[in-house]
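Letter by letter, the sequence shown follows residues 641 to 965 of this note's numbering.
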Amino acid sequence: MLERCVLPELLGQESTREGFARGVFRAAEENDRVVVIGLDVTGSLHLDRFRERFPSRFISIGIAEQNGAGIAAGLALNGFLPVFATYATFATTRALDQIRVSICYNKAPVLIGGAHAGLSVGPDGATHQALEDIATMRVLPHMRVLTPLDSNQAESMVYSVLRSEMTAPVYIRLGRAPAPNFTDPNGVYSVEEIYAYRFGENPRLLLLACGTMLYPTLNAAEVLKGRGVDSVVLGISCVKPFCGDAVVHYVELLDIQCVVTVEEHQVAGGFGGVVAEALSSKHPVRIVRLGVYDSFGESGAPEGLLSKYKLDAAGIAEQVMGCAL
Numbered sequence: 641m642l643e644r645c646v647l648p649e650l651l652g653q654e655s656t657r658e659g660f661a662r663g664v665f666r667a668a669e670e671n672d673r674v675v676v677i678g679l680d681v682t683g684s685l686h687l688d689r690f691r692e693r694f695p696s697r698f699i700s701i702g703i704a705e706q707n708g709a710g711i712a713a714g715l716a717l718n719g720f721l722p723v724f725a726t727y728a729t730f731a732t733t734r735a736l737d738q739i740r741v742s743i744c745y746n747k748a749p750v751l752i753g754g755a756h757a758g759l760s761v762g763p764d765g766a767t768h769q770a771l772e773d774i775a776t777m778r779v780l781p782h783m784r785v786l787t788p789l790d791s792n793q794a795e796s797m798v799y800s801v802l803r804s805e806m807t808a809p810v811y812i813r814l815g816r817a818p819a820p821n822f823t824d825p826n827g828v829y830s831v832e833e834i835y836a837y838r839f840g841e842n843p844r845l846l847l848l849a850c851g852t853m854l855y856p857t858l859n860a861a862e863v864l865k866g867r868g869v870d871s872v873v874l875g876i877s878c879v880k881p882f883c884g885d886a887v888v889h890y891v892e893l894l895d896i897q898c899v900v901t902v903e904e905h906q907v908a909g910g911f912g913g914v915v916a917e918a919l920s921s922k923h924p925v926r927i928v929r930l931g932v933y934d935s936f937g938e939s940g941a942p943e944g945l946l947s948k949y950k951l952d953a954a955g956i957a958e959q960v961m962g963c964a965l
């Protein structure tokens, strides 16, 4: 049985795009097949250090996402490990045809970094806030979809992917805004890894948080416990392939009556849908999906937007309490 939770120690705040850049740099120091496609957002993705250290492996093509995806595919099919990184909204919509045909169809081992995803880009507004990228990427054959829980895990995740023998493309979702850092800075990432926390003696509620939504969900669970609702929280960093059997295990072990998913993404087609698909065929249970409901984002401070869409700790707890548990 799970131990009762003590909230993980907060190790500061940092955006996952920063951990991503460190992971790329570490892998490039060990493997000269790692190359980066520069799409005029090098500074935004903290890849300046890579460009300065490995200028011959940095290919700057400007604002040309479709061309960049094609170049990345060609490099991958010729033995390189290309990193194709830009804003998530540009990578997963503007270059979707090239990702689908040139990269996925050919199983080209390209690491696609989708930065400034979700509401974290804040003031840039709806046009730059990718709230559909998980849905778009997870339906593509051969594509893996990763959503790091914090910056430390983003670094170990990228380093692990680029050090492995990549045989297919990987999409990693990254945020712009600083987020709580709490996983082991020296950790080694495993796709099977799940962070599990128990709140209270008799949990019948299971909260599944995707990516950086884990920490506010943990705080929401603390609030719920104070209101008499015990729960277990799982932090999920791999959306595809999804650890459906592990989630079913927790549901059966704890006799869970309701599963709540939390994501900084459209509810339609997103992480909640992944969970629903897995549970419906193996252990049907009531599922409540929290996220953005069929609307675009808007300009504002990231923390203000999370509050508006009820994806901060208070909002998550409020929505869960409103589910008539």
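Ideal placement from N, C-alpha and C gives every residue a C-beta, glycine not left out. If you're wondering where the values come from, they're calculated on a predicted model, not measured in any experiment.
Just checking my contact of residue i with residue j at CB under 8 Å: how many whole Å lie between their CB atoms?
| i | j | result |
| --- | --- | --- |
| Ser760 | Gly815 | 4 Å |
| Val902 | Thr857 | 5 Å |
| Arg867 | Met961 | 7 Å |
| Val928 | Val891 | 14 Å between Cβ atoms; not a contact. |
| Ala713 | Ile743 | 5 Å |
| Ser727 | Ala755 | A small fix is needed here, since residue 727 is Tyr in this sequence, not Ser. Going by Cβ atoms, the distance from Tyr727 to Ala755 rounds to 6 Å, so yes, they are a contact pair. |
| Leu715 | Val675 | 6 Å |
| Ala908 | Asp934 | 6 Å |
| Tyr811 | Met777 | 4 Å |
| Arg813 | Ala757 | 5 Å |
Which residue wins for smallest C-alpha separation from residue i, given the options the options?
| i | options | result |
| --- | --- | --- |
| Leu679 | Arg784, Glu658, Val873 and Ile711 | Ile711 |
| Ala861 | Leu847, Thr852 and Gly851 | Leu847 |
| Gly708 | Arg673, Ile752, Arg803 and Arg691 | Ile752 |
| Ala794 | Arg662, Asp934, Leu945 and Pro695 | Arg662 |
| Pro722 | Phe698, Gly765, Ala704 and Ile703 | Phe698 |
| Lys880 | Val831, Ala836, Ala886 and Ser935 | Val831 |
| Ala849 | Leu864, Gly912 and Phe694 | Gly912 |
| Asp773 | Phe665, Ile701, Gly910 and Phe690 | Gly910 |
| Cys963 | Leu951, Asp952, Leu930 and Gly937 | Leu930 |
| Gly702 | Leu874, Phe730 and Leu650 | Phe730 |
| Phe936 | Tyr799, Glu904, Glu943 and Ala916 | Glu904 |
| Ala817 | Ser700, Pro942, Ala916 and Leu650 | Pro942 |
Is the beta carbon of residue i within less than 7 Å of some heavy atom of the ligand MG?
| i | result |
| --- | --- |
| Ile956 | Questions concerning the ligand MG fall outside what the structure shown contains, since it holds no ligand whatsoever. |
In chain order, what residues of the same chain lie with their CB nearer than 7 Å to the CB of residue i, ignoring the 5 residues before and after it?
| i | result |
| --- | --- |
| Glu841 | Asp870 |
| Pro648 | Phe822 |
| Pro595 | A question about residue 595 goes unanswered here, because the residues of the chain that appear run from 641 up to 965. |
| Arg740 | Leu780 |
| Asp824 | Asn792 |
| Phe980 | Outside the modelled stretch of the chain, which goes from 641 to 965, sits residue 980, for which no answer is possible. |
| Lys747 | His782, Thr807 and Ala808 |
| Asn859 | Ala953 |
| Pro749 | Ala716, Leu721, Met806, Thr807, Ala808 and Pro809 |
| Phe694 | Ala668 |
Output yes or no for whether 8 Å exceeds the beta carbon distance between residue i and residue j.
| i | j | result |
| --- | --- | --- |
| Val899 | Leu919 | yes |
| Leu786 | Ser877 | yes |
| Arg784 | Phe720 | no |
| Gln959 | Leu771 | no |
| Ser689 | Phe660 | According to the sequence as given, residue 689 is Arg; it is not Ser. Against a cut-off of 8 Å, the Cβ pair of Phe660 and Arg689 comes out as no contact. |
| Gln738 | Gln769 | no |
Which same chain residues, not among the five before or five after residue i, have their C-beta less than 6 Å away from its C-beta?
| i | result |
| --- | --- |
| Tyr949 | Val932 |
| Ser696 | none |
| Leu945 | Leu759 |
| Pro788 | Thr656, Ala794, Met797 and Ser877 |
| Ala725 | Leu685 and Gly753 |
| Asp764 | none |
| Met641 | The predicted model places Met641 with a pLDDT of 46, which falls under 50 and marks its position as unreliable, so this point remains unresolved. |
| Leu874 | Ile834, Ala836 and Leu848 |
| Val800 | According to the sequence shown, residue 800 is Ser rather than Val. Excluding residues within five positions, the ones whose Cβ falls inside 6 Å are Tyr829. |
| Ala916 | Ile927 |
Among residues of its own chain, excluding the 5 on either side of residue i, which ones have a beta-carbon nearer than 8 Å to its beta-carbon?
| i | result |
| --- | --- |
| Arg803 | Ala667, Glu670 and Asn671 |
| Ala819 | Gln653, Glu654, Ser655, Thr656, Ser760, Asp790, Ser791, Thr852 and Tyr855 |
| Ala704 | Leu679 |
| Gly940 | Gly762, Pro763 and Lys948 |
| Gly827 | Asn792, Gln793 and Ser796 |
| Lys922 | Gly884, Asp885 and Val888 |
| Gln897 | Arg844, Leu845, Val925, Arg926 and Leu965 |
| Ala775 | His905, Gln906, Ala908, Gly909, Gly910 and Gly913 |
Beta strand (DSSP E) segments (min. 3 residues) lying fully within the stretch 783-819: Fully contained in the stretch 783-819 are the following beta strand (DSSP E) runs of length 3 or more, in chain order: 784-786 and 810-813.
Runs of beta strand (DSSP E) lying entirely within the stretch 698-763, each at least 3 residues, in chain order: Counting only runs of 3 or more, we get 698-700, 721-727 and 751-755.
Ranges of the alpha helix (DSSP H) found wholly within the stretch 851-935, counting only runs of at least 4: 854-866, 884-893 and 911-922
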